[in-house]
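Asks:
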Amino acid sequence: SAHPQDHNVAQAGNDGISSLTWSPTSNILVSTNWDGGVRCWEVQESAGQVRALPKAQVNHEGQAPVLASAFSADGSTVFSGGADK
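Listed below in structure tokens is the structure:
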């Protein structure tokens, strides 16, 4: 069951999330998924309501699981690693 402070994100993927990473410079959240996806959201808060707006998605080759992600120090680039080549 969801906790009152839990929030759902749209388009979270077709399988479990393997990692979550926040940008060091903005309200960008990146997830890596067992379905091979890397997804990015812009998280906004207004009047006590939190929204996660989908911004980008890429898939690793052959839908291999993606296990981790990291941002560059300036927050401009996301790196991801998984079980593909």
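Just so we're aligned, residue 58 is where the sequence shown starts under our numbering, counting upward by one. Glycine included, each C-beta is placed from N, C-alpha and C at the ideal position.
Which of the three DSSP states is assigned to GLY94 in this structure?
Replies: For this step, residue 94 is matched to residue 37 along the sequence shown. Strand at GLY94.
Asks: Mind checking SER83: buried by the 16 CB within 10 Å criterion, or exposed?
Replies: Numbered from 1 along the sequence shown, position 26 holds the residue referred to as residue 83. SER83 should be labelled exposed.
Asks: Keeping to the same chain, check which residues put their C-beta closer than 6 Å to that of GLY139; ignore five residues upstream and five downstream.
Replies: In the sequence shown, counting from the first residue as 1, residue 139 sits at position 82. If you ignore the 5 residues before and after GLY139, its C-beta comes within less than 6 Å of the C-beta of HIS117, ALA121, PRO122, VAL123, LEU124, all in its own chain and listed in chain order.
Asks: Helix, strand or coil for GLY119, going by three-state DSSP, please let me know.
Replies: Within the sequence shown, residue 119 is the residue found at index 62, counting from 1. Of the three classes helix, strand and coil, the one that applies to GLY119 here is helix, per DSSP.
Asks: In this structure, what does DSSP give as the bridge partners for THR134?
Replies: To locate residue 134, count along the sequence shown from 1; it is residue 77. Looking at the DSSP output, THR134 sits in no beta bridge, so it has no partner there.
Asks: Rounded to whole angstroms, what's the CA-CA distance from ASN90 to SER103? Just pull it up for me.
Replies: For the purposes of this step, residue 90 is taken as the residue at position 33 of the sequence shown. For the purposes of this step, residue 103 is taken as the residue at position 46 of the sequence shown. If I take the Cα positions, the gap works out to 28 Å.
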